[in-house]
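*Asks:* Take this structure, written in structure tokens, and hold onto it; I'll ask about it next.
In our numbering, the protein residues as written are 1 to 405.
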């Protein structure tokens, strides 16, 4: 009843407080949520309850989900949910790509809001509902019919990114996920992108200072030690919880946590809800064939997220190649090194040392130059760098550099 009456834009059913009163929170006000707790403490049930709360209130027109599940099992119940902007992500590399897309979407929305003089997603969507004229983002230097830039894409949906196990990502691709997570946590509130991040290892090398500082709203389930409790909440208490959904919820703007017995949703309830949405999506697809309109857009109806990110990175690499400070300072073995990396489909200092018979210092400088020119990607721990271009693109980069030289 409290959930149905709630006027929250993104209501979350939390459970009941110590007086037995139902507790409903608003993700839009948090605006991001950090969840931590030991195995078996109720963390996964809480995530399921949160996702169910969101999709029960919102259609895919007003809410899009990005689910990142490195453990591959916790969020598998939602694979057919039409709210998904992208299929459930299980690969850490793809997870980093999804987070980078969320940053690109955040920047796009800020440009859209700036072009229309609005400050929040609620204000923008209100203008859409009232039929007020809105503008698209107009490319720089683009001229032509102004009617081409009239915004007619409908409501901007909320985007909720759910990360089920942050520890797995921090162990494998920390350098690639920590920066976008921090950027989103700092800036994404006003434009309707929200993060829900969960971990069962609340240690300082998982919940780093950068992440913790930007997640003021937190949920702590039972943890093993007072140290873990202080890592999550900055105070003791989570180590004395009872488990099975017993939690301490730190609301936004408060320094005192609220003790709550978490709500429980069974697997059968989740399956029934996703089955209902699946039927509605199938029915909408049938109607689309007749009237060319879809009430519930499926995840395949929009451009693929990872393709968007790859295209953006290639564009940046190309721009970097054409804006490098001084190609005359490139090593004379630059082109040969690029060809070696492309043929080996990887780039590394040791590879160039072996193939070109040069020292470590020179090989490292060439790898840096290849990265600046967009031939190879950024460093990835101990793994070789990814090759971003082919031989034709390398030839074009070298030709352009010679032309400038």
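For every residue, glycine included, the Cβ atom is placed at its ideal position computed from N, Cα and C.
#1: Can the beta-carbon of residue 189 be found less than 8 Å from the beta-carbon of residue 31?
#2: At the level of alpha carbons, what is the spacing between residue 219 and residue 128?
#3: Suppose the cutoff is 6 Å on Cβ atoms and the five residues either side in sequence are ignored; what does the same chain contact list for residue 44 look like?
#4: Can you tell me which of the three DSSP states residue 72 falls into?
#5: Which residues in the same chain as residue 144 place their Cβ atom closer than 7 Å to its Cβ, once the five residues preceding and following it in sequence are excluded?
#6: Which residues in the same chain have their Cβ closer than 6 Å to the Cβ of residue 39, if we skip the five residues on either side of it in sequence?
#7: Just curious, the beta strand (DSSP E) that residue 49 is in, first and last residue?
#8: At a cut of 8 Å, does the segment 178-188 reach the segment 15-29 through at least three beta carbon pairs?
#9: For my contact list, residue 62 and residue 155 are in at a C-beta cut-off of 8 Å; report their separation, rounded to the angstrom.
#10: Using a 10 Å radius around the Cβ and a threshold of 16 neighbouring Cβ atoms, would you call residue 132 buried or exposed?
#11: Tell me, please, which residues DSSP counts as bridged to residue 218.
#12: Can you tell me the Cα-Cα spacing of residue 208 and residue 332, whole angstroms?
#13: Is it true that the segment 51-58 meets the segment 253-273, where meeting means three or more beta-carbon pairs spaced less than 8 Å apart?
#14: In this structure, does DSSP put residue 237 in helix, strand or coil?
#15: Can a CB atom of chain D be found closer than 8 Å to the CB of residue 36?
#16: Can you name the residues that DSSP bridges to residue 64?
#17: Have a look at the DSSP bridge pairing and note the partners of residue 25.
*Replies:* Working from what's here:
#1: Position 189 of the chain shown holds residue 189. Position 31 of the chain shown holds residue 31. For residue 189 and residue 31, yes; Cβs fall inside 8 Å.
#2: Reading the chain shown from its first residue, position 219 is the one you call residue 219. Reading the chain shown from its first residue, position 128 is the one you call residue 128. Looking at the two C-alpha atoms, the distance is approximately 35 Å.
#3: Locating residue 44 in the chain shown gives position 44, counting from the first residue. These residues qualify, in order along the chain: 74.
#4: The sequence position of residue 72 within the chain shown is 72, counting from 1. Three-state DSSP puts residue 72 in coil, outside helix and strand.
#5: Taking the chain shown and counting its residues from 1, the one referred to as residue 144 is at position 144. No answer about residue 144 holds up, because its pLDDT of 49 lies below 50 and its placement is not dependable.
#6: Along the chain shown, one-based indexing puts residue 39 at 39. Taken in chain order, the residues that qualify are 200.
#7: Along the chain shown, one-based indexing puts residue 49 at 49. It is not in any beta strand (DSSP E) - residue 49 instead sits in the alpha helix (DSSP H) that spans 43-57.
#8: no
#9: Taking the chain shown and counting its residues from 1, one reaches residue 62 at position 62. Taking the chain shown and counting its residues from 1, one reaches residue 155 at position 155. The pair is a contact, with the Cβ atoms about 6 Å apart (cut-off 8 Å).
#10: Here residue 132 corresponds to residue number 132 of the chain shown, with the count starting at 1. By the neighbour-count rule (16 or more Cβ atoms within 10 Å), residue 132 is not buried but exposed.
#11: Position 218 of the chain shown holds residue 218. Residue 218 is bridged to 34, 250.
#12: Taking the first residue of the chain shown as 1, we reach residue 208 at position 208. Taking the first residue of the chain shown as 1, we reach residue 332 at position 332. Between residue 208 and residue 332, the C-alpha separation is close to 42 Å.
#13: yes
#14: Mapped onto the chain shown, residue 237 falls at position 237. In the structure shown, residue 237 sits in coil (DSSP, three-state: anything other than H, G, I, E or B).
#15: Absent from the structure: chain D. Only one protein chain is present.
#16: In the chain shown, the residue the question calls residue 64 occupies position 64. Partner(s): 159.
#17: Taking the chain shown and counting its residues from 1, one reaches residue 25 at position 25. According to DSSP, which records beta bridges pairwise, residue 25 is partnered with 12.
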